[in-house]
Amino acid sequence: MDNKKATLELGTKPVGRLLTQYALPAIVAMTASSLYNIIDRAFIGQVVGADAIAGLGITFPFMNLSAAFGAAVGVGASTCISVKLGQKDYETAERLLGNTVTLNLLVGLVFMLVSLTFLNPILRFFGASDVTLPYARSFMQVILAGNMITHMYFGMNAVLRAAGKPRHAMYATLFTVGMNIVLVIAFVWWLRWGIRGAALATVTSQTMAMCWQMWILSDKKELLHLKRGIYKLKSQLVKNIVSIGISPFLMNLCSCLIVIFMNNQFVRYGGDMAVGAYSIANSLGMVFFMFVMGVNQGMQPIVGYNFGAQHFDRMLRCLTLAIIAATVIMTVGWLTAMFFPYYLARIFTTDETLIEMSIQGIRINMLLFPIIGFQAVTTNFFQCIGRVKVSIFLSLSRQLLFLLPLILVLPKFWGLNGVWASLPTSDCISAVVTAVMLIVFMRKFRGERREKAFR
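Residue 186 in numbering that gives the first Met the number 0 sits at position 187 of the sequence shown, and the numbers go up by one each step.
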């Protein structure tokens, strides 16, 4: 099937089959990526030690901050490309591809230089102690050195999905994960390079996958391909990319800020072991959240294309199916956390103190998981149709408006348990707000369609 035919099918093929076709590769890729993260942390915890797990937890804000800038470009560009393909404006879609490459290089370079220059004070601000700082610094020095590659790798994967190549995006991720695991075994277990070896494995595997992505997008037979004359930044295109990408940017930025506060509160009320427990609980929770992210990635080109083509029934059908899928996924995650927390924690460490703290963290962190999937899908839906203000509000609500105050207030009454309790409490409040926003939108949207029908 040629690329143009695959793109046009977004507006004609049954929505359920389309969502499966696009979401399944993304789910497989995201799940594989999450499993890699677990394997990576398991090797670090088992080979290097519990302190290294805590040090790795300190780097979460850095990883979220890097992801924030990457999402601003990758998600924004892929959504714009999907809409332009739906409008059959192929020339603009191709220029968006070129601008995506340039923006990834510029953003990745600036982020790398600033972060490496102020690495130690940043890590201290993120909650690093004298014990965890050396581990966090060793890991981030290597990760930041390859930051431009990381940005380009994730950006090109988003473009591949938008261009009707979800399987190729999946293959790139699966290759990265597989190579990561092989290199982690070689660098951490065999060569004993420690936490720095794990970081080097990540950068090396992403470099290899990125080269393959660029080779695919250089094929002149493709509807979208790299060529001369598309790399010069155009103010209107950049504005469109940023206006849509600002929502996932702020969501990741908020994640960065929240993890900073969480790490500092955990250190204050529970010490370095509490940070390690949060690292383990967060890693396990992300496995199931990545399933939902896969659903969102599969949903994005379908919703974007049909919104651009004004096929609104198909757009809403895709939203409904995505919400159902996300809810089922997160319910499975909840059942796993409630019944098997010991075995999950044991994957990462043999330290009984860390295991005991992790069991509590896993259960509390995933207590209200069944409602998180709905919130994530709905936020992504508003982003896909260009309702930027609504998407930004929902992105900020759970973390900045609800979770941040709870992190600061609840520990004053319940100590370490209060830090943990802030997570499910904010989940509950944000889910209610999201439901209200979706109901209001649907009533307004259907009212506008009825008015147009009578004109």
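Using N, Cα and C, we set each Cβ at its ideal position, and we do this for glycine too.
The structure presented is a predicted model; accordingly, all values stated were derived computationally and were not measured.
- [ ] Tell me whether Phe-117 sits in a helix, a strand or coil according to DSSP, three-state version.
- [x] coil
- [ ] Apply the 10 Å Cβ neighbour rule to Leu-232 and answer buried if 16 or more other Cβ atoms are within range, or exposed otherwise.
- [x] exposed
Task: Short Cβ contact (8 Å threshold) for Ala-41 with Gly-275 - done: no
TODO: Put Met-0 into one of helix, strand or coil per three-state DSSP.
DONE: With a pLDDT of only 43 at Met-0, under 50, the local geometry of the prediction cannot be trusted, and no value is derived from it.
TODO: Check whether the Cβ of Gln-205 lies closer than 7 Å to any heavy atom of the ligand ATP, and answer yes or no.
DONE: Absence of the ligand ATP from the depicted structure is noted, as is the absence of any ligand whatsoever, leaving it without description.
Task: Cβ-Cβ distance between Met-147 and Gly-97 below 8 Å - done: no
- [ ] Please determine, among Ile-279, Leu-102, Arg-94, Arg-386, the residue with the shortest C-alpha to C-alpha distance to Pro-340.
- [x] Ile-279
Task: the segment 211-230 in contact with the segment 54-62 per 3-pair CB rule at 8 Å - done: no
Open item on the list: Just verifying my parser: in three-state terms, what is the DSSP assignment at Arg-191?
Closed with: coil
TODO: Take every Cβ of the segment 123-140, pair it with every Cβ of the segment 188-196, and state whether three or more of those distances are shorter than 8 Å.
DONE: yes
Open item on the list: For the structure I just gave you, are there three or more beta carbon pairs, one from the segment 379-393 and one from the segment 303-317, closer than 8 Å?
Closed with: yes
- [ ] Work out the CA separation of Val-187 and Ala-67 for me, nearest whole Å.
- [x] 28 Å
- [ ] Could you spell out where the alpha helix (DSSP H) holding Pro-13 opens and where it closes?
- [x] No alpha helix (DSSP H) contains Pro-13, which DSSP labels as neither H nor E.
TODO: Taking the CB atoms as reference points, tell me whether Met-289 and Leu-216 lie closer together than 8 Å.
DONE: no
Task: For Gly-48, the three-state DSSP class (helix, strand or coil) - done: coil
Task: Reduced DSSP category for Arg-136 - H, G, I as helix; E, B as strand; rest coil - done: helix
Open item on the list: Give me the residue from Gln-45, Val-408, Leu-143, Leu-132 with the minimum Cα distance to Phe-260.
Closed with: Val-408
TODO: Please state whether DSSP places Thr-349 in a helix, a strand or coil.
DONE: coil
Task: CA-to-CA distance, Gly-177 to Cys-330, given in whole angstroms - done: It should be noted that the sequence gives Thr, not Cys, for residue 330. Cα to Cα, Thr-330 sits roughly 28 Å from Gly-177.
TODO: Would you mind stating whether Val-72 and Leu-102 have Cβ atoms separated by less than 8 Å?
DONE: yes
Open item on the list: Residues in the same chain with beta-carbon distance under 6 Å from Val-432, minus the five sequence neighbours each way, listed in chain order, please.
Closed with: Ser-396
Task: Between the CA atoms of Val-439 and Ser-204 - distance to the nearest angstrom - done: 45 Å
TODO: Kindly confirm or deny that the segment 165-179 and the segment 21-30 touch, where touching means at least three C-beta pairs closer than 8 Å.
DONE: yes
Open item on the list: Let's test the definition: count the other Cβ atoms within 10 Å of the Cβ of Met-337 and tell me whether it reaches 16, buried, or not, exposed.
Closed with: exposed
Task: Cβ shell of Lys-219 (< 8 Å), same chain only, five flanking positions each side left out - done: Lys-226
TODO: Could you say which of Leu-403, Pro-404, Ala-375 lies nearest to Ser-390 if we only look at CA atoms?
DONE: Ala-375
Task: Leu-415 beta carbon less than 8 Å from that of Ile-257 - done: no
Task: Euclidean distance between Cα positions of Ser-65 and Phe-248 - done: 10 Å
- [ ] Report, in whole angstroms, the separation of the C-beta atoms of Ser-234 and Arg-160, which I expect to be a contact under 8 Å.
- [x] No, Ser-234 and Arg-160 are not in contact; Cβ-Cβ is about 26 Å, not under 8 Å.
Open item on the list: I'd like to know whether the C-beta atoms of Leu-320 and Gly-15 end up nearer to each other than 8 Å.
Closed with: yes
- [ ] Report, in whole angstroms, the separation of the C-beta atoms of Asp-271 and Ser-128, which I expect to be a contact under 8 Å.
- [x] 6 Å
Task: Neighbourhood of Asn-364 by C-beta, 6 Å cutoff - its chain only, sequence neighbours within 5 removed - done: Ala-280, Gly-284, Leu-422
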